[in-house]
Amino acid sequence: MYNHPFYHQSHNSHSHEEPIYVDRPDGEDEEDGPFGPPPQQFIQQSQIPQPFFTSSFQPPQLRARLCACLGNWGLLGLRRQGQFGRDFWFFPTVIRRNSVTGFIWIRGRRQRVRYEYSQIRNFICFG
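Under full-length UniProt numbering, think of the first position of the sequence shown as 1, with each following residue one higher.
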């Protein structure tokens with residue numbers, strides 16, 4: 001049951017941020033992040049499908065894309081310029097009802113971050 005990517009955690013009425021997908025089916029701690037940098041500092045823009053820059057997805061589609069990429073690097077696009085730019089590498093580790101937690105790679109090390117789905121424009125997995 002835990003190795004199913006769409007396993008639904010039991011609902012707790014005290015918290016609306018309960019994970020709705022299993023974070024890592026192999027039982028690793030949710031704090032486990034990447035041990036090294038993304039595949040390349042940045043892939044060439046010509047390798048990124050054009051819809052990444054123009055399309056915007058709703059939370060159900062974003063959750064599905066992020067869930068399929070748990071434990072892998074992907075390209076995250078924000079709706080507005082953020083602290084780390086607008087498009088950057090992201091390593092998702094925990095998918096919640098309204099947000100995703102994961103890691104970015106900055107200054108030679110990983111940094112844990114969290115984004116609400118309302119902040120995210122798109123996500124493409126490269127893992």
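We treat Cβ as the ideally placed atom computed from N, Cα and C, and that holds for glycine.
Rounded to the nearest angstrom, the Cβ distance from N122 to F57 is 6 Å, consistent with a contact under 8 Å. In this structure, DSSP gives R112 an extended state, which the three-state scheme calls strand. Distance check between P39 and each of F90, Q119 and I120 places F90 closest, using alpha-carbon atoms only. Here G85 is exposed, its C-beta having fewer than 16 other C-beta atoms within 10 Å. Assigned with DSSP and collapsed to three states, P38 falls in coil, not helix or strand.
Around E116, the same chain offers N98 and S99 as residues with beta carbons nearer than 8 Å, after the five sequence neighbours per side are excluded. Close CB contacts of F88 within its chain, under the 7 Å cut and outside five residues either way in sequence, are with L76 and I104 (chain order). In the structure shown, the three-state DSSP call for Q119 is helix.
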